[in-house]
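Below is one structure; the comments refer to it alone.
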Amino acid sequence: MKQKEYWIIYPEYFERHRPRSKGRRLPKTLAKDKVSLEDLKKTCEKLGFEYVVEKDKKYPANWYFSKGRILIKKMPNKTKIDIIKEIARSLR
């Protein structure tokens with residue numbers, strides 16, 4: 014598995030309490046209070062994404078907590094932010 018073929022998605026991207034400087038990638042209206050790796054996994058299954066779960070990885074700005082991450086296979090017609098917004102809408 015080459016990482017260039019996947020987008021790396023961390024649960025921290027979706028957390029409302031986290032400032033953008035600490036990793037939130039969405040406006041607060043789309044963000045959620047708490048997001049777990051399991052929530053992201055279920056959402057990716059529901060949306061039909063091809064993904065890989067890595068439970069032992071840490072978000073660099075939050076290195077002292079291990080929430081894990083998901084690798085989503087890149088699609089030619091979507092950008093990473095499109096995927097993040099689609100996941101956020103589905104999480105709500």
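Residues are numbered in the numbering used here as their position in the sequence shown, beginning at 1, plus a constant of 13. No residue lacks a Cβ here, since even glycine has one placed at the ideal position from N, Cα and C.
### Query
Anyone know if the C-beta pair for ILE100 and LEU53 falls short of 9 angstroms?
yes
#### Entry: Integer Cβ distance of LEU43 from TYR26, believed to fall under 8 angstroms
In this structure LEU43 does not touch TYR26 by the C-beta definition: roughly 10 angstroms separates them, more than the 8 angstroms allowed.
### Task
In angstroms with no decimal places, state the Cα-to-Cα distance between ARG105 and LYS17.
29 angstroms
### Task
Report the residue ranges of all beta strand (DSSP E) runs contained in full by the stretch 15 to 97; include only those spanning at least 3 residues, in chain order.
19 to 22, 64 to 67, 82 to 86
### Task
Have a look at TYR64 and ARG31 and give me their C-alpha separation to the nearest angstrom.
In this structure, the CA atom of TYR64 is about 25 angstroms from the CA atom of ARG31.
#### Entry: Close Cβ partners of LYS35 (< 7 angstroms) along its chain, the five nearest in sequence each way excluded
ALA74
### Message
Below 8 angstroms on the Cβ atoms is my contact criterion, and I expect GLU51 with ARG37 to pass it. Report the Cβ-Cβ distance as a whole number of Å.
### Response
GLU51 to ARG37, Cβ: 20 angstroms. No contact.
### Task
With DSSP as the reference, label ARG105 as helix, strand or coil.
Shown here, ARG105 sits in coil according to DSSP, grouped into three states, outside any helix or strand.
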